[in-house]
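This report refers to the structure that appears directly beneath it.
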Amino acid sequence: MPSPPSTIPNDAYAQLIKALHPAPPKILEIEILPSTYPPKILHDFPALGVPKSLLIPLYLQARTTFSAHLSSHDPDSYHAALQATAITLLFDPNHLTAANFRKRHIQRSCGKEAEKDRRAQDAEKGTEAVRRELMFLESLVTSPLSKHAKSSTLWAQRLWIVQSFFGSAARDDAGEETIWMTDMGDVVRGFWERELVIVMKAGERHARNYYAWQYARRLFSFVCSEGAELVGRKRLDRRSLRESIGLVHGWCLMHPRDISGWAFGVFLLEQLRGAGDAGYGEEDERKGLEDDIGRFASETKDFVRKYQWRGESIQWFLESMKTLGIDV
Amino acid sequence: MSLVSGPGRGGASTGHVPDEIKLVVEKHVEYIQTLDTRQDELEYWLTEHLRLNGVYWGLTALHLLGHPEALPRLATIDFVLSSQHESGGFGAAPGHDAHMLYTVSAVQILGTVDALEELDRRGKAGREKVGQYIADLQSQETGSFAGDEWGETDTRFLYGALNALSLLHMLHLVDIPKAVTYIQNCANFDGGYGVSPGAESHAGQIFTCVGALAIAGRLDLVDRDRLGGWLSERQLPNGGLSGRPEKLEDVCYSWWVASSLAMIDRLHWIDRDKLSQFILQCQDSEKGGIADRPGDMVDVFHTVFGLAGLSLIGFPGLVAVDPI
Numbered sequence: 001m002p003s004p005p006s007t008i009p010n011d012a013y014a015q016l017i018k019a020l021h022p023a024p025p026k027i028l029e030i031e032i033l034p035s036t037y038p039p040k041i042l043h044d045f046p047a048l049g050v051p052k053s054l055l056i057p058l059y060l061q062a063r064t065t066f067s068a069h070l071s072s073h074d075p076d077s078y079h080a081a082l083q084a085t086a087i088t089l090l091f092d093p094n095h096l097t098a099a100n101f102r103k104r105h106i107q108r109s110c111g112k113e114a115e116k117d118r119r120a121q122d123a124e125k126g127t128e129a130v131r132r133e134l135m136f137l138e139s140l141v142t143s144p145l146s147k148h149a150k151s152s153t154l155w156a157q158r159l160w161i162v163q164s165f166f167g168s169a170a171r172d173d174a175g176e177e178t179i180w181m182t183d184m185g186d187v188v189r190g191f192w193e194r195e196l197v198i199v200m201k202a203g204e205r206h207a208r209n210y211y212a213w214q215y216a217r218r219l220f221s222f223v224c225s226e227g228a229e230l231v232g233r234k235r236l237d238r239r240s241l242r243e244s245i246g247l248v249h250g251w252c253l254m255h256p257r258d259i260s261g262w263a264f265g266v267f268l269l270e271q272l273r274g275a276g277d278a279g280y281g282e283e284d285e286r287k288g289l290e291d292d293i294g295r296f297a298s299e300t301k302d303f304v305r306k307y308q309w310r311g312e313s314i315q316w317f318l319e320s321m322k323t324l325g326i327d328v
Numbered sequence: 329m330s331l332v333s334g335p336g337r338g339g340a341s342t343g344h345v346p347d348e349i350k351l352v353v354e355k356h357v358e359y360i361q362t363l364d365t366r367q368d369e370l371e372y373w374l375t376e377h378l379r380l381n382g383v384y385w386g387l388t389a390l391h392l393l394g395h396p397e398a399l400p401r402l403a404t405i406d407f408v409l410s411s412q413h414e415s416g417g418f419g420a421a422p423g424h425d426a427h428m429l430y431t432v433s434a435v436q437i438l439g440t441v442d443a444l445e446e447l448d449r450r451g452k453a454g455r456e457k458v459g460q461y462i463a464d465l466q467s468q469e470t471g472s473f474a475g476d477e478w479g480e481t482d483t484r485f486l487y488g489a490l491n492a493l494s495l496l497h498m499l500h501l502v503d504i505p506k507a508v509t510y511i512q513n514c515a516n517f518d519g520g521y522g523v524s525p526g527a528e529s530h531a532g533q534i535f536t537c538v539g540a541l542a543i544a545g546r547l548d549l550v551d552r553d554r555l556g557g558w559l560s561e562r563q564l565p566n567g568g569l570s571g572r573p574e575k576l577e578d579v580c581y582s583w584w585v586a587s588s589l590a591m592i593d594r595l596h597w598i599d600r601d602k603l604s605q606f607i608l609q610c611q612d613s614e615k616g617g618i619a620d621r622p623g624d625m626v627d628v629f630h631t632v633f634g635l636a637g638l639s640l641i642g643f644p645g646l647v648a649v650d651p652i
């Protein structure tokens with residue numbers, strides 16, 4: 001099989017690998033710069049700029065390293081192949097085979113035992129691998145990389161990790177001891193809120209970001225059901241739900257032409273309504289939920305009136321309020 | 329086949345749009361043929377992970393242009409078979425992981441060039457196993473389909489599965505009623521369909537859901553007027569179609585939106601003349617190829633869907649296309 005041509009600036013590959021694997025792991029703000037920039041990596045933490053003219057040959061080198069390992073299965077080249085996948089996904093977030101390789105790596109790091117049965121040090125290694133991958137993915141979807149922010153491959157990767165290793169994913173970077181002292185409800189709530197912020201950032205990098213908001217829907221459903229099972233039945237409480245709705249509503253009013261934001265707002269309101277219908281909590285709590293739903297709708301209506309707004313997205317939102325039985 | 333964009337641009341030839349734009353059939357044929365020969369170029373390697381999809385798009389475009397022989401048949405078959413895994417599934421190119429999307433493209437390509445029996449003759453896995461690979465990706469619980477072992481669920485995979493299985497005459501391997509129920513759960517109050525239950529309506533997902541219902545013979549379940557209304561709202565003043573509210577026009581929606589309308593007998597709900605004018609303006613009449621909108625770079629994906637859209641609305645000189 002023919003090989004791609006390659007002309008690599010001497011240590012640029014090593015530089016990019018190092019930049020993409022900060023130790024300790026950190027969130028990066030990565031930009032692919034126009035080819036008019038000189039072929040040099042610009043690195044001023046947390047910002048990382050790679051000219052396209054440099055990224056292309058670096059990707060080709062990564063591809064060669066990765067393919068060679070896949071053919072040879074040589075354990076000595078495993079680590080280099082793994083690092084190469086980071087450059088690959090930077091070049092194209094939809095490179096499925098690279099993404100799958102990273103999932104397999106996390107599986108290996110986390111071992112075959114269930115999270116709760118693993119020895120402490122193995123658990124540590126697995127947790128580290130999970131957190132590192134989540135941070136890498138977060139860097140890609142929140143950076144000014146429009147294609148990455150909307151990539152179904154990257155969002156599916158994130159969901160898979162969260163669903164497969166929820167315990168490790170949900171913990172923040174607080175130390176081991178703190179985790180066991182923290183109320184699991186707080187852990188779940190904190191995790192959900194951080195993820196929602198990531199989705200909103202991605203929604204700003206790429207407007208009407210279908211797969212980012214879809215991830216939010218799927219994550220929400222997971223956290224409320226299986227996630228709850230895994231962490232001792234602590235689910236998202238109504239306070240958290242109401243706060244999320246406030247956050248999303250604010251975002252929607254700042255991005256009134258973003259149908260995906262509005263659609264997620266409707267989704268949350270439906271969940272809130274569902275929580276009310278299920279006879280959740282005291283009478284006055286349920287009334288509080290209804291008031292929240294009503295307020296979302298009426299404030300939106302006020303926005304339309306104030307700005308004489310005629311965009312289809314808000315119209316659609318107000319139509320969907322009618323289906324929830326809310327009079328607008 | 330190289331999937332890079334360019335070198336041409338939509339509407340690029342003279343900088344002004346003539347009153348009578350023609351469909352430059354020969355230029356498009358040449359454009360696609362040259363994609364196949366750009367192996368020496370850097371760019372060939374940059375899109376390797378989508379290659380099988382690209383071959384399908386290029387081949388289909390050539391068929392629509394009435395030049396089915398323009399790509400070498402045997403080399404195409406060889407390439408497809410070289411991407412197959414023993415599981416029956418296909419990757420994007422040799423050495424790439426198997427996935428529903430590439431498996432569907434593989435079946436579509438082999439079906440188009442009348443070579444499905446090559447799977448039994450010299451594939452790593454025969455037709456039966458390919459069908460089984462696809463069928464095994466159906467969730468017994470929900471009726472939906474995953475893309476691969478990692479579990480991502482998307483109505484695109486459901487449609488792809490039914491499409492490929494119908495070409496293989498193996499629809500009996502899957503639970504059609506359950507798949508249909510799943511699609512119904514993806515229906516939204518606005519008449520549209522999303523990627524999964526409760527998800528936002530999206531023209532691409534609508535195409536997959538309606539197409540799947542068509543294959544399953546259950547178009548009766550579609551709220552045709554409501555969906556037709558949502559879809560026809562996608563036409564913008566310049567004649568182009570978008571995929572969702574307040575999005576820009578994009579030539580590929582000429583297919584996703586128009587064929588969805590055709591499947592529910594409401595293609596006349598959009599202005600077809602304006603749409604064909606828009607698509608023609610997205611051509612590069614000198615170098616061939618079609619872009620997502622005038623001024624942008626052409627690529628094979630937008631070329632095939634632009635042509636398919638034109639064929640669907642009856643543009644002369646193109647082979648007729650079935651909306652499904």
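In order, the protein sequence lines correspond to chains G and S.
The letter at position 290 of the first sequence is residue 290 when you use our numbering, and the numbering goes up by one with no holes.
Each number in our numbering comes from the position in the second sequence (counting from 1) with 328 added on.
Each residue gets a CB set at the ideal place from its N, CA and C atoms; glycine is no exception.
Quiz item: Three or more beta-carbon pairs under 8 Å between the stretch 600–615 of chain S and the stretch 552–572 of chain S, yes or no?
Solution: yes
Self-check item: Interface partners of A527 of chain S on chain G, CB under 7 Å
Solution: Q214 and R217
Practice problem: Inspect the beta-carbon positions of G556 of chain S and R594 of chain S and report whether they are closer than 8 Å. | Solution: yes
Practice problem: Report back the beta-carbon spacing between W160 of chain G and Y215 of chain G to the nearest angstrom; my notes put them in contact at under 8 Å. | Solution: Not a contact, Cβ separation roughly 11 Å.
Quiz item: Apart from the five residues on each side of it in sequence, which residues of its chain come closer than 7 Å, Cβ to Cβ, to A443 of chain S?
Solution: I405
Practice problem: Determine the closest residue to Y359 of chain S out of S:L646, S:G334, S:T375 and S:K350, with distance taken between C-alpha atoms. | Solution: S:G334
Quiz item: So is L374 of chain S in contact with chain G if we call contact Cβ pairs under 8 Å?
Solution: yes
Quiz item: For G382 of chain S, does the three-state DSSP call read helix, strand or coil?
Solution: helix
Quiz item: What is the residue span of the beta strand (DSSP E) that P51 of chain G lies within?
Solution: A47 to P51
Self-check item: Local Cβ density within 10 Å of P46 of chain G, reported as buried at 16 or more and exposed below that
Solution: exposed
Exercise. Assuming I17 of chain G contacts Q83 of chain G (C-beta within less than 8 Å), just tell me the rounded distance between them.
Key: 5 Å
Quiz item: Would P57 of chain G pass as a contact of S35 of chain G if the rule is Cβ separation under 8 Å?
Solution: no
Quiz item: Would you report the Cα separation of I462 of chain S and C514 of chain S, rounded to the nearest angstrom?
Solution: 21 Å
Quiz item: What did DSSP end up calling A86 of chain G once you bin it into helix, strand or coil?
Solution: helix
Exercise. Let me know the secondary structure DSSP gives L438 of chain S once reduced to three states.
Key: helix
Quiz prompt | Distance between Q107 of chain G and W478 of chain S (C-alpha atoms, nearest Å) | solution = 12 Å
Quiz prompt | Closer than 8 Å to chain G by CB, W478 of chain S | solution = yes
Practice problem: Pick helix, strand or coil for E31 of chain G, following the three-state DSSP scheme. | Solution: strand
Quiz prompt | Selected residue, minimal CA-CA separation from F293 of chain S, among S:I511, S:H500, S:D601 and S:P505 | solution = Lying outside 329 to 652, the shown extent of chain S, residue 293 of chain S is not represented and no answer is given.
Quiz item: Which residue or residues does DSSP assign as beta-bridge partners of H43 of chain G?
Solution: G:L48
Self-check item: Min CB distance K452 of chain S to chain G below 8 Å
Solution: no
Quiz item: By a C-beta neighbour count over all protein chains shown, 10 Å radius and 16 as the cutoff for buried, is Y372 of chain S buried or exposed?
Solution: buried
Self-check item: E469 of chain S versus S:Q460, S:L351, S:A527 and S:V502, residue with shortest Cα-Cα distance
Solution: S:V502
Practice problem: Less than 8 Å between the CB atoms is what I'm expecting for L134 of chain G and R158 of chain G, so what's the real figure, rounded? | Solution: 7 Å
Exercise. Please report how far the alpha carbon of V352 of chain S lies from the alpha carbon of D364 of chain S, in whole angstroms.
Key: 19 Å
Quiz prompt | Members of the stretch 88–102 of chain G near chain S, C-beta cut-off 9 Å | solution = T88, F91, D92, N94, H95, L96, T97, A98, A99, N100 and F101
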